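Those letters in the sequence shown? Residues 103 to 919, per the numbering used here, in order.
Note that the Cβ used here is the ideal one computed from N, Cα and C, for glycine as well.
Just so you know, these numbers come straight off a predicted model, no measurement behind them.
See structure below.
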Amino acid sequence: MLPHLYVVLGFLLIACLYAPPALQGKRLAQHDAIQAQSAAREVKQFHEQTGEWSAWTNSMFGGMPAYLIVADYPQSISTRLGRLPGVLPEPIGNLFMMMLGMYVFLLALRARGWLAVLGSVAFAFTTYNVMYIEAGHMSKIIALAYVPGILAGALWAFRGRALLGGAVLALFLALNLYGNHVQITYYTFIALAVLGVIEAVAAFREGRVKSFALGCAAMALGAGIAVGTHATRLWTTQEYSGESMRGKSELTAKTSGSTASAQQGLDRDYAFNWSYGKAESFTLLIPGFSGGMSNGGLGTKSAIYKAMTAQGVEAAAARQFVEKAAPMYFGDQPSTSGMAYAGAIVLFLFVLGCFIIKDRIRWWFLGMAALYLMLSWGKNFPLLNDPFFEYFPAYNKFRAITMLLSVIQFFFAAGAVLALKTLVEDKPTWAALKRPFLISLGLTGGIALLMALIPGVFLTFQGENDAAMLGQIFGSPDAAGQFLEPLRQDRESLVRGDAFRSLILILLAAGGIWAFVTNRLKAAVLLPALTLLTLGDLFLVGKRVLSNDDFVSKQTAQEGVYAPTPADDEILKDKGLSYRVFDNSTSTFQDAHASYYHKSVGGYHGAKLKRFQEVVENQLGKSPLNVQVLNMLNTKYFILQNPQTGQPAVQQNPEALGNAWFVRDYKLVANADEEMAALGTFNPRSTALVDKRFESFLNGLRLTPDSIANRIALTAYKPNALTYQSTTTSPQLAVFSEIYYRGNEDWKALVDGKETPHFRVNYLLRAMVVPAGTHTIEFKFDPPAVSTGHTIDLISSILLVVFVAGALVLEGRRKNA
103 MLPHLYVVLG
113 FLLIACLYAP
123 PALQGKRLAQ
133 HDAIQAQSAA
143 REVKQFHEQT
153 GEWSAWTNSM
163 FGGMPAYLIV
173 ADYPQSISTR
183 LGRLPGVLPE
193 PIGNLFMMML
203 GMYVFLLALR
213 ARGWLAVLGS
223 VAFAFTTYNV
233 MYIEAGHMSK
243 IIALAYVPGI
253 LAGALWAFRG
263 RALLGGAVLA
273 LFLALNLYGN
283 HVQITYYTFI
293 ALAVLGVIEA
303 VAAFREGRVK
313 SFALGCAAMA
323 LGAGIAVGTH
333 ATRLWTTQEY
343 SGESMRGKSE
353 LTAKTSGSTA
363 SAQQGLDRDY
373 AFNWSYGKAE
383 SFTLLIPGFS
393 GGMSNGGLGT
403 KSAIYKAMTA
413 QGVEAAAARQ
423 FVEKAAPMYF
433 GDQPSTSGMA
443 YAGAIVLFLF
453 VLGCFIIKDR
463 IRWWFLGMAA
473 LYLMLSWGKN
483 FPLLNDPFFE
493 YFPAYNKFRA
503 ITMLLSVIQF
513 FFAAGAVLAL
523 KTLVEDKPTW
533 AALKRPFLIS
543 LGLTGGIALL
553 MALIPGVFLT
563 FQGENDAAML
573 GQIFGSPDAA
583 GQFLEPLRQD
593 RESLVRGDAF
603 RSLILILLAA
613 GGIWAFVTNR
623 LKAAVLLPAL
633 TLLTLGDLFL
643 VGKRVLSNDD
653 FVSKQTAQEG
663 VYAPTPADDE
673 ILKDKGLSYR
683 VFDNSTSTFQ
693 DAHASYYHKS
703 VGGYHGAKLK
713 RFQEVVENQL
723 GKSPLNVQVL
733 NMLNTKYFIL
743 QNPQTGQPAV
753 QQNPEALGNA
763 WFVRDYKLVA
773 NADEEMAALG
783 TFNPRSTALV
793 DKRFESFLNG
803 LRLTPDSIAN
813 RIALTAYKPN
823 ALTYQSTTTS
833 PQLAVFSEIY
843 YRGNEDWKAL
853 VDGKETPHFR
863 VNYLLRAMVV
873 PAGTHTIEFK
883 FDPPAVSTGH
893 TIDLISSILL
903 VVFVAGALVL
913 EGRRKNA
């Protein structure tokens, strides 16, 4: 037990060494984390004020469920366990858990000591993971950290230790699901299924069918319990998925740039927008192969810096440009904030392992790495990816498929460790090892050597949009033209330098292995040396993406991100209960800053409500945008950029329709296409567009002319509960400037305390027939999945504790027997 404790403490030390500013109370100004904080603020403030968590927020996109923004699951032990790494400052806790998770899998492979440390470091510090941390993609990192533990449990269960395997899988799957990144979990289960097929064939051949079946049963039990501890989260997410951009669109007329699909899932072009380039895959071996990051990464010795200063650009401005803005990346993706570097030593060992590992698991390592790499190519390899997208269950619900590159590192790291384990334990002769050794050296070191000596034979060092990007930066294509060649030179220099770097690392590793096999070096020296070389390699490349300079004080982070602008202050003077803001000073539908202070029409989220996204694409994303749609959303203020000062400025919208109003008439529309088209021509103040499926809710309503006595107003506001007072002389059709979502199921309407049906109008909004007289109208968001899910969370949490504790006790008795 003591050796494991030393390793765990070592992981903690390594994580601290990578991010020492975090120990000083500094934090990362992560883009996605900033956006998430803005999106979550209304719900968090409501919780601080009332002690209640709202499952709905009006801070983004007119209103949406808060399930995928911020939520609390008080009955789930998995949630409590998942928060434990948070006692360590970020990203130390994340890196520590990634190493720990990989360590568990390597124990399942019977790798110990320095072998397990090397593999754990290789998995945690792959540059793609560091890039995710820098960007604030913390749900991915949390989910990734527990992938190796899930697969460790599966391996133990498949190979005869059913109870231990089932319990380990249950624990790590529960923690993985806490990350709430279904895409990572999905990729994990594809790998698990393939491993299951390989192990099933072996069990059948070896006469271990009963043992294998028991392992599968234990895994199924563990998985069921783990899923049960997240019943609320998964149930609500499943319900939301059908209403989100992942769901099926009712529109048949597709617009340019649309993310909607007539089938369940995302549009293919949208899903494959970030596709890895086939040639770009050599970045796994040579970090700068495709230029590295989209912005910056150069210094004052670069060719483009010298060209800029020679043209009279001030040295400080030129330096800031080359360090922060130079478009170095020239790969196939639209942009990238880092490179998918796996480690030169890791890849050399992985390739060697494909030849010398005797365990059948090598085919799993090789096959899954190859499959996931080809899947990450997306649109660049349609022969495989188009059938996967069309026919593989649920595959078309996911985007940003390049995240497969983080999962691939698991196979590279595990394969590298098992290769070293085979060398150390089998001690092959040089004669037996020579051929696979030289082939592996040629495939990795040979490629690095070619790219170091003659990279221009294989690469042009030019991106498709170089001229346009530089023209935008320098003001004109003519001004930018003189910097194209220096940029190309800098890219070539980066590729050459990184290729030499990888070559040297591979030669050092190869030399160490040769010395070990020929009895010139002991394993006690070789393994620590390779571990330290791998750690240093990944540390240094990772620092290109996430350096100490990226950390800022907590106060600086808050002031720089959350400080209100004068425009925000001006709007906040309005103490109205609820109104919306359209922030046109930023990328409206890709920025959540306005959500921090206001109920925003825009925002930032990867899974918007499908109907809202369709309105954005068809009505608000066009020029000129449809102001009537903004009016019906009660958009009371616009934030615009002042052309003179460049600062945000406020413009009030006198045409905003308020929280609710009575219309004079309604128009029945046959389908979604007709309703969307009608949005472009109707007046929402006087007319409501009603899909014919909701005609029965009108019950033959005949609207009488307006009466001065007819009034409706919002009198109380909570994110999940709205109260109105209405007075009418006859039955009226009221339209509410609130997003319709699962009406009469999750959102319920009550008139004078009695549940009353409401329905959707104007493609997005809620409406109901209000009876004559004075009434109190309430809308309450109370999804049954939440209340029922909490009960399942609690029961499953108890079962998880019993299952894991029981398995550990029995495993301890087995070892002592």
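Would a C-beta distance cut-off of 8 Å place residue i and residue j closer than the cut-off?
i           : j           : result
residue 166 : residue 841 : yes
residue 530 : residue 619 : yes
residue 268 : residue 241 : no
residue 221 : residue 213 : yes
residue 767 : residue 788 : yes
residue 430 : residue 593 : yes
residue 394 : residue 441 : yes
residue 550 : residue 387 : yes
residue 508 : residue 231 : yes
residue 518 : residue 455 : yes
residue 459 : residue 535 : no
residue 586 : residue 572 : yes
residue 294 : residue 253 : yes
Which residues in the same chain as residue i place their Cβ atom closer than 7 Å to its Cβ, once the five residues preceding and following it in sequence are excluded?
i           : result
residue 669 : 741, 750, 751 and 752
residue 602 : 554
residue 120 : 197 and 641
residue 194 : 117, 118, 121 and 124
In terms of residues, what are the limits of the alpha helix (DSSP H) holding residue i?
i           : result
residue 880 : No alpha helix (DSSP H) contains residue 880, which is instead part of the beta strand (DSSP E) from 875 to 883.
residue 152 : 133 to 152
residue 339 : 333 to 345
residue 697 : 695 to 699
Give me the Cβ distance between residue i and residue j, rounded to the nearest whole Å; I'm assuming they're in contact under 8 Å.
i           : j           : result
residue 416 : residue 398 : Residue 416 to residue 398, Cβ: 17 Å. No contact.
residue 130 : residue 192 : 7 Å
residue 812 : residue 834 : 6 Å
residue 785 : residue 730 : 7 Å
residue 907 : residue 881 : Contact doesn't hold; Cβ gap of about 45 Å is too wide.
Nearest-angstrom Cα distance between residue i and residue j?
i           : j           : result
residue 187 : residue 236 : 18 Å
residue 380 : residue 472 : 12 Å
residue 189 : residue 916 : 34 Å
residue 206 : residue 157 : 36 Å
residue 761 : residue 836 : 10 Å
residue 265 : residue 561 : 53 Å
residue 781 : residue 141 : 28 Å
residue 889 : residue 334 : 8 Å
residue 344 : residue 582 : 47 Å
residue 860 : residue 844 : 10 Å
residue 181 : residue 341 : 20 Å
residue 737 : residue 223 : 51 Å
residue 160 : residue 713 : 16 Å
residue 488 : residue 243 : 28 Å
residue 286 : residue 755 : 43 Å
residue 447 : residue 609 : 9 Å
residue 847 : residue 688 : 36 Å
residue 693 : residue 523 : 48 Å
Please list, in chain order, all residues of the same chain as residue i whose beta carbon is under 6 Å from its beta carbon, the five residues on each side excluded.
i           : result
residue 853 : 877 and 879
residue 110 : none
residue 650 : 123
residue 894 : 330 and 333
Can you tell me where the beta strand (DSSP E) with residue i in it begins and where it stops?
i           : result
residue 737 : 737 to 743
residue 920 : No information on residue 920 is available, as it lies outside the stretch 103 to 919 that the chain covers here.
residue 819 : 813 to 820
residue 869 : 867 to 872
residue 190 : Per DSSP, residue 190 belongs to no beta strand (DSSP E) and is neither H nor E.
residue 679 : Where residue 679 is concerned, there is no enclosing beta strand (DSSP E), given that its DSSP letter is neither H nor E.
residue 827 : 823 to 830
residue 862 : 861 to 863
residue 839 : 834 to 841
residue 768 : 767 to 771
residue 645 : Looking at the DSSP string, residue 645 is not in any beta strand (DSSP E); the run it does join, the alpha helix (DSSP H), is 625 to 647.
residue 764 : 762 to 764
Whose C-beta lies closer than 8 Å to the C-beta of residue i among residues of the same chain, with five residues either side of it excluded?
i           : result
residue 358 : Summary for residue 358: the model assigns pLDDT 44, below 50, so the residue's position carries little reliability; its value from the coordinates is reported in the next sentence. Around residue 358: no qualifying Cβ.
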